[in-house]
Amino acid sequence: MELKKDGDRVTLNNYGELKIVDFMNVKTGKVDISRLSDKELIDMIRQLLVATRTNIKNAIFSIPIFSSFVTLIDLPPMSDKELAESIPFEARKYIPVPTNEVQFSWSIIEGFRQQSSSQALANLPASKGTSSEITSRVQVLLVAVPNEIINRYKNIAKSAGLIAEFEVEAFSVVRSLIKKGIEDRGVVIIADIGAKSTDICVVDNGFLRMSHNFETSGSSITKALSESAGLNQEKAEEFKIKKGIKLASSEKLALDSILPLIDMIIFEIQRIDTGYQRRTSGRKVQKIILSGGSANLPGLVDYISNQLGIVVTIADPFSKLSASSILNQTLREIGPTFSVAVGLAERNLI
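Here the sequence shown is numbered in the working numbering, starting from 9 and rising by one per residue.
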């Protein structure tokens, strides 16, 4: 994803996509994306750079939520200096590994406003308020990524001929999908249904407050269809994209295999919503945005909306960008898949 900024306008300059299955040795007909080797990833990046004919060397890599730690902590009011000194010690209570094994950053959500501190993950958003304000608490969003992950990504980027920055993908997807003046005044949940897992992000007044990751994913749905309908992985994926959960009565077996997975996603959304309401004295979710490769499944938006009684929409990260009108339909269709990529590309532009 390559964007260009001209004044206040951000223009789509270039984009590309490669299918992972084309770069893997698939013997059983099943694709396990978690087993991609570094060499395969490097080959994919190189081929994508060639295919898109880009000469840009600076790149931002997304770090999956399942490879990071993101948590909200409460601290008593204190000066900026005291806060900067306290957070590394407080982090030990929340990060389940030694702090010398991770690189972490933090940003003030409530109480104070200052630049976020970061060793490698910069650009967490600053919050509202001023440094002179004193409140009964200070909320800090703490993000940590293991050194092992950072170093692996650095090596991949270097081998692909790129100069890398990094960002936990929760921040990227929030940046691309939360529109100023619309979704930044209230509580919105983003459910990013990816190939390997699903991420749930709670956004309140435009700021990421919570993130949660669980294993139910687009691949889980494909696998269930493959097993119930006797299809290979490729045919099951095509079936899923074409029909989603809008299945005929003769396809009840297939529907029965995937609805429990959809219901699991709904259950997790409800659980996160309930927990956030409890923490914030009843701030309710006003909208759910579906993102990721499975967001466009036929019937999914209506099913989740009916089950939860909440407005549900499909992610459209390209809506904020300027692009050729010829691409409008294509960009709407691929939008949910590119939510993270658009957010990454926007990071140094907005």
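Just so you know, even glycine gets a beta-carbon here, dropped at the ideal spot from N, CA and C.
Element boundaries [alpha helix (DSSP H), containing residue i]
| i | result |
| --- | --- |
| K166 | N155 to S167 |
| F275 | K260 to R287 |
| K12 | Per DSSP, K12 belongs to no alpha helix (DSSP H); it is in the beta strand (DSSP E), E10 to D14. |
| G226 | G226 to A237 |
| I249 | Q241 to K251 |
| E354 | S347 to E354 |
Distance, residue j Cα to residue i Cα
| i | j | result |
| --- | --- | --- |
| M9 | L150 | 27 Å |
| A303 | G252 | 10 Å |
| K292 | V195 | 6 Å |
| N163 | I171 | 10 Å |
| K13 | G351 | 14 Å |
| G15 | I229 | 43 Å |
| V34 | L335 | For V34, the predicted model reports a pLDDT of 49, less than 50, meaning its position is unreliable and no value from the coordinates is stated. |
| T79 | E354 | 24 Å |
| F346 | G300 | 8 Å |
| S360 | I50 | The structure shown does not extend to residue 360, since the chain is modelled only from 9 to 358, so the question has no answer here. |
| M272 | E90 | 43 Å |
| G169 | G238 | 43 Å |
| T321 | R100 | 38 Å |
| A244 | K231 | 7 Å |
| N155 | S94 | 22 Å |
| A134 | S87 | Interpretation of A134 is limited by its pLDDT of 42, a score under 50 that renders its predicted location unreliable; the figure taken from the coordinates is listed afterwards. Taking the straight line from one Cα to the other gives about 16 Å. |
| T282 | F69 | 32 Å |
| F174 | I297 | 24 Å |
| L83 | G24 | 43 Å |
| I53 | S258 | 42 Å |
| I157 | S219 | 19 Å |
| L255 | L263 | 7 Å |
| F112 | R61 | 34 Å |
| S236 | S313 | 26 Å |
| I274 | S225 | 12 Å |
| I142 | G202 | Residue confidence is low: I142 scores 42 on pLDDT, short of 50, so the model does not pin down where it sits. No coordinate-derived value is stated. |
| Y5 | I64 | Here the chain covers residues 9 to 358 and nothing more, so residue 5 does not appear. |
| T288 | Q315 | 23 Å |
| V105 | L44 | 25 Å |
| F120 | W114 | Unreliable placement is indicated for F120, whose pLDDT of 42 sits below 50; no coordinate value is reported for it. |
| R193 | Q285 | 16 Å |
| V148 | K328 | 29 Å |
| N22 | L56 | 11 Å |
| R217 | I103 | 17 Å |
| A331 | T19 | 6 Å |
| Q241 | E48 | 20 Å |
| R279 | S167 | 42 Å |
| I249 | A323 | 16 Å |
| Q337 | S227 | 25 Å |
| N66 | I81 | 33 Å |
| S205 | L305 | 16 Å |
Integer Cβ distance of residue i from residue j, believed to fall under 8 Å
| i | j | result |
| --- | --- | --- |
| V153 | S76 | 5 Å |
| F326 | L308 | With 8 Å as the limit, F326 and L308 do not qualify as a contact, their Cβ atoms being about 20 Å apart. |
| I208 | A199 | 6 Å |
| F74 | N221 | 5 Å |
| V348 | V146 | Between V146 and V348 the Cβ distance is about 29 Å, and since that is not below 8 Å, they are no contact. |
| I71 | V176 | 5 Å |
Which residues DSSP lists as bridging residue i, in chain order
| i | result |
| --- | --- |
| I201 | T206 |
| S180 | In DSSP, S180 forms no bridge with anything. |
| S330 | T19 |
| I116 | V148 |
| V211 | V196 and L216 |
Host beta strand (DSSP E) of residue i (start-end)
| i | result |
| --- | --- |
| I171 | I171 to V176 |
| F215 | F215 to F222 |
| N336 | Segment N336 to I342 is the alpha helix (DSSP H) holding N336; no beta strand (DSSP E) there. |
| T107 | Neither: T107 is in no beta strand (DSSP E) and is coded neither H nor E. |
heavy atom of the ligand SAM below 7 Å from residue i C-beta
| i | result |
| --- | --- |
| R287 | As presented, the structure is devoid of all ligands, the ligand SAM included, so that no description of it is given. |
query: Which ranges would you report for the beta strand (DSSP E) in the region 27-104 if only whole runs of at least 3 residues count?
result: 66-71 and 77-83
field: Ranges of the alpha helix (DSSP H) found wholly within the region 290-326, counting only runs of at least 4
entry: 308-316
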